[in-house]
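Below: one structure, written as structure tokens.
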Amino acid sequence: MTDNMQNFTDTVYKFLQVVPKLDEDLYIKLAVDVVKVGEVGKKTVRGTFLTLFLGDSERLLAHMKENFPELGLTKADCIEVSWVESLIRWTNFPTGTPTSVLLSRIFHFPARFA
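Everything in the sequence shown is counted per the UniProt record's numbering, starting at 1 for the first residue and increasing by one.
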């Protein structure tokens, strides 16, 4: 197990420990996939924490610093959007996708994360 894999495992374990303590306005999902590293094509596991918080970023930063500092969340990581815009991000559409995509009765969710 590499250091990065051990760090990932430790972070996921910590995540599972703090979930019951999280603010009721905070939703976090963990996306896990396999990616190639370097030119040799070695594979590793990548984890991405996707977060939706129904509040302002200052409140989120304070809460995360207290309960889950391992993520190292900063103001630069936060994007404040309207509730409708959050639907676009939460369903993995690329950044900048217009909200009008939600008006289509037939659309396909993106297969990859933006």
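The beta-carbon is built from N, C-alpha and C at its ideal position, and this holds for glycine as well.
Inclusion of L26 and T48 in the CB contact set at 8 Å is not warranted, their separation being larger than that value.
Boundaries cannot be given for K75, as no alpha helix (DSSP H) includes it and DSSP labels it neither H nor E. Within the same chain, and ignoring the five residues on either side of N67 in sequence, the residues whose Cβ sits closer than 8 Å to its Cβ are V18, K21, L22. In the three-state DSSP reduction, D33 falls in the strand class (E or B).
With a threshold of 16 other beta carbon atoms within 10 Å, L30 falls short and is exposed. Taking every protein chain shown into account, the CB of I88 has 16 or more other CB atoms within 10 angstroms, so this residue is buried.
Annotation: the continuous alpha helix (DSSP H) that includes R59 extends over 57-67. For the 8 Å CB-CB criterion, M64 and L54 do not form a contact. For the set P69, L102, K75, the Cα lying nearest the Cα of W83 is the one of L102. Across the structure, D33 and T44 are spaced so that their CA atoms are roughly 8 Å apart.
DSSP links F49 through a beta bridge to L30.
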